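**Student:** Everything in the sequence shown is counted per the UniProt record's numbering, starting at 1 for the first residue and increasing by one. Just so it is clear, CB atoms sit at the ideal spot from N, CA and C, and this is done for glycine as well. Note that the structure is a prediction, hence the values are computed from the model and not measured. Dumping the structure here so I can ask a few things about it.
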Amino acid sequence: MHREIQSEADWRPAGIASSGRWLRQVTEEEVADLVAALDALKAAGKPMLGITRRDVPLGRFADVLQDVRAVVEDGPGFIVMRGLPTAGRTPDENKLMAWAVGAHLGVARPQGKASQLISDVRDAGGTYRSGSGRGYNTNAELDYHTDGSDVVGLLCLNTARSGGLSRLSSTVAIHNELVRTRPDLAEALYGLFPHSRQNEEAADEAPWYMAPVFSERDGAFACRYIRNHIRSTQAMEGTPRLTPLQHEALDTVQRMAESPDFSFDMWLEPGDFQLVNNHVLIHSRTHYEDFEEPERKRHLLRLWLSVPEARPLSPALLDVYKSVDANSVRGGFKGRGVTPELVAYQARAAAELGMRDTPYSI
1 MHREIQSEAD WRPAGIASSG RWLRQVTEEE VADLVAALDA LKAAGKPMLG
51 ITRRDVPLGR FADVLQDVRA VVEDGPGFIV MRGLPTAGRT PDENKLMAWA
101 VGAHLGVARP QGKASQLISD VRDAGGTYRS GSGRGYNTNA ELDYHTDGSD
151 VVGLLCLNTA RSGGLSRLSS TVAIHNELVR TRPDLAEALY GLFPHSRQNE
201 EAADEAPWYM APVFSERDGA FACRYIRNHI RSTQAMEGTP RLTPLQHEAL
251 DTVQRMAESP DFSFDMWLEP GDFQLVNNHV LIHSRTHYED FEEPERKRHL
301 LRLWLSVPEA RPLSPALLDV YKSVDANSVR GGFKGRGVTP ELVAYQARAA
351 AELGMRDTPY SI
């Protein structure tokens, strides 16, 4: 049987709220240095894939990212940088901002069929509960889930007319509670579950893969819980059927995550940049109703990052992460739009961060 995990990421909502560690207010001086870096980038006119960390000297804003790294990997597992200068900027200028900040934190990973490195999180009429459903392009309430990278970053540009509450739960806390009270369910979650690639697989990938929900390597815990992708496999021919115990274990994780005992809820504001460690937290969002005017609709920018300080992962996650070693480029959904430019960017970005490159074939 598995033991409890000792980690600062084992938190409950009341404790994390009172700690204040989840919020980093950016100062006027730090913002000024970020704006100067963005102005220089815009003047240089480099394409996004031509920009890596050395192209973005951040001055005092670099202190903000030092705080972010410590909290996201070795602390509670998430943080919100509040006060980024998104107001009055064009969508492309805000994408440049997200990219510039992300370049200092890690290597951006592709996120879907088009192999896009930044996704627009907004309602585009998608259907969440379907064989190809992805939550980011709908206004639906989402299951608690992890994203496909070490860290997910969300830069908030606009909020909805109503709804769209951001929700986070610690999978370390859920794991430890299950070990204490339902060790049979904890043990089941260390087993393998089928996951759909939601019709976004690359040409050399199968449409589904097997992976555990809970795993450990060298004493480091990781959770990968994407209920919608597991659910989709049950309508696919040739995939393993879930057992009653597996169904109960997944239901229990969802029920615990959304309960007041585990869920920490927050409203993201324009100018907030939320960063979440997918290995120790799961996240959700409530249903939202949008404004009619296109320029006022809820809009966030999403980055998936492979970060140099991330933990080693279980070999059972190799099929989905492509590499499970610490300090290696890994994660993302390869998709069908990998280009030589993307591969070259990845190699440069990895080298500047001291990471081992693990390029996708093209």
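1) For the 8 Å Cβ check, are there 3 or more pairs between the stretch 73–81 and the stretch 265–274?
2) Can you list, in chain order, the residues of its chain whose CB lies under 7 Å from that of ARG296, leaving out five sequence neighbours each side?
3) My output table needs one value for ILE176: the three-state DSSP class, helix, strand or coil.
4) Residue range of the alpha helix (DSSP H) that VAL72 falls in?
5) Quickly, what does DSSP pair ASP120 with across the bridge? List them, please.
6) Return the first residue and the last residue of the beta strand (DSSP E) that GLN25 is part of.
7) Sorted by chain position, which residues of the same chain lie with C-beta nearer than 6 Å to TYR345's C-beta, five sequence neighbours on each side aside?
8) Applying the criterion that 16 or more other CB atoms from any shown protein chain within 10 Å of the CB defines a buried residue, is THR138 buried or exposed?
9) Should residue 363 be labelled buried (16 or more other beta-carbon atoms within 10 Å of its own) or exposed?
10) Taking only runs of the beta strand (DSSP E) that begin and end inside the stretch 286–344, which ones reach a length of at least 3 residues, in chain order?
11) So, at 7 Å on beta carbons, what are the nonlocal neighbours of ILE226 in its own chain, with the 5 sequence-adjacent residues on each side left out?
12) Can you tell me the Cα-Cα spacing of PRO244 and ASN327, whole angstroms?
13) Three-state secondary structure (DSSP) at GLN346?
14) Return the residue from the list ALA211, SER162 and TYR209 that minimises the CA-CA distance to GLU289.
15) Locate the beta strand (DSSP E) running through VAL276, then write down its first and last residues.
16) Secondary structure at PRO244, three-state DSSP: helix, strand or coil?
17) DSSP three-state label for PRO18, please.
18) Considering only the beta carbon of each residue, do ARG203 and ARG336 sit closer than 9 Å?
19) Between HIS175 and chain D, is any beta-carbon pair separated by less than 9 Å?
20) Leaving out the 5 sequence neighbours to the left and right, which residues in its chain are closer than 8 Å to ASP63 when beta-carbon positions are compared?
21) Under a three-way DSSP split, which group does MET48 fall into?
22) Is GLY238 helix, strand or coil by DSSP?
23) Here's a check: name, in chain order, each residue in its chain whose Cβ is nearer than 7 Å to the Cβ of PRO183, leaving out the five neighbours to either side.
24) Figure out for me which residue from PRO315, ARG311, LEU242 and GLU201 has the closest Cα to the Cα of VAL72.
25) Taking the alpha carbon of SER314 as the point to measure from, which residue in LEU192, HIS299 and ARG298 has its own alpha carbon closest?
26) Going by alpha carbons, who is nearest to LEU250 out of LEU84, ALA188, GLU292 and THR239?
27) On a CA-only basis, which of GLY164, ALA108 and ASP120 is nearest LEU301? Give me that one, please.
28) Does the Cβ of THR252 have 16 or more other Cβ atoms within 10 Å, making it buried, or fewer, making it exposed?
**Tutor:** This is what the structure holds:
1) yes
2) Here residue 296 refers to the residue found at position 296 when the sequence shown is read from its first residue. Correct list, in chain order: ASN158.
3) The residue given as residue 176 occupies position 176 in the sequence shown. Per the sequence presented here, residue 176 reads as Asn, with Ile not at that position. ASN176 falls in the helix class under three-state DSSP.
4) Taking the sequence shown and counting its residues from 1, one reaches residue 72 at position 72. That run of the alpha helix (DSSP H) goes 61–74.
5) Your numbering for residue 120 matches position 120 in the sequence shown. In the DSSP output, where bridge partners are listed per residue, ASP120 has LEU301.
6) As a working mapping, residue 25 is identified with position 25 in the sequence shown. Note, GLN25: beta strand (DSSP E), 23–25.
7) Counting from one through the sequence shown, the residue named residue 345 turns up at place 345. Only LEU49 meet the Cβ criterion.
8) Translated into positions along the sequence shown, residue 138 becomes position 138. Buried is the call here.
9) What the structure shows of the chain is the stretch from 1 to 362, and residue 363 is not part of that stretch, so it cannot be assessed.
10) 299–306
11) As a first step, residue 226 is located in the sequence shown; it is residue number 226 there, counting from the start. Excluding sequence neighbours, ILE226 sits near HIS145, THR146 and HIS195.
12) By one-based count along the sequence shown, residue 244 stands at place 244. By one-based count along the sequence shown, residue 327 stands at place 327. Whole-angstrom Cα-Cα distance: 38 Å.
13) Start at 1 with the first residue of the sequence shown, and residue 346 comes out as number 346. Helix, per DSSP.
14) For this step, residue 289 is matched to residue 289 along the sequence shown. Out of ALA211, SER162 and TYR209, SER162 has the C-alpha closest to the C-alpha of GLU289.
15) Looking up residue 276 in the sequence shown gives position 276. Taken as a continuous stretch (DSSP letters only), the beta strand (DSSP E) holding VAL276 covers 273–277.
16) Taking the sequence shown and counting its residues from 1, one reaches residue 244 at position 244. It is helical.
17) Start at 1 with the first residue of the sequence shown, and residue 18 comes out as number 18. According to the sequence displayed, residue 18 carries Ser and not Pro. In the structure shown, SER18 sits in a helix (DSSP, three-state: H, G or I).
18) Reading the sequence shown from its first residue, position 203 is the one you call residue 203. Reading the sequence shown from its first residue, position 336 is the one you call residue 336. Checking the sequence shown, residue 203 turns out to be Ala, not Arg. Yes; because the gap between Cβ atoms is below 9 Å, this pair is in contact.
19) Here there is only one protein chain, and chain D is not present.
20) The residue labelled residue 63 in the question sits at position 63 within the sequence shown. Counting only Cβ-Cβ distances below 8 Å, and skipping sequence neighbours, we find GLU30.
21) Translated into the one-based positions of the sequence shown, residue 48 becomes position 48. The answer is helix: DSSP assigns MET48 an H, G or I state.
22) Position 238 of the sequence shown, counted from the start, is the residue given in the question as residue 238. Coil.
23) Here residue 183 refers to the residue found at position 183 when the sequence shown is read from its first residue. Answer for PRO183: MET1, listed in chain order.
24) Locating residue 72 in the sequence shown gives position 72, where the first residue counts as 1. Closest option to VAL72, Cα to Cα, is ARG311.
25) The residue labelled residue 314 in the question sits at position 314 within the sequence shown. The candidate whose alpha carbon is nearest that of SER314 is LEU192.
26) Working through the sequence shown from its first residue, we reach residue 250 at position 250. It is ALA188 whose Cα lies nearest to the Cα of LEU250.
27) By one-based count along the sequence shown, residue 301 stands at place 301. The shortest Cα separation from LEU301 among GLY164, ALA108 and ASP120 belongs to ASP120.
28) Taking the first residue of the sequence shown as position 1, residue 252 is located at position 252. Buried, because 16 or more other Cβ atoms sit within 10 Å of the Cβ of THR252.
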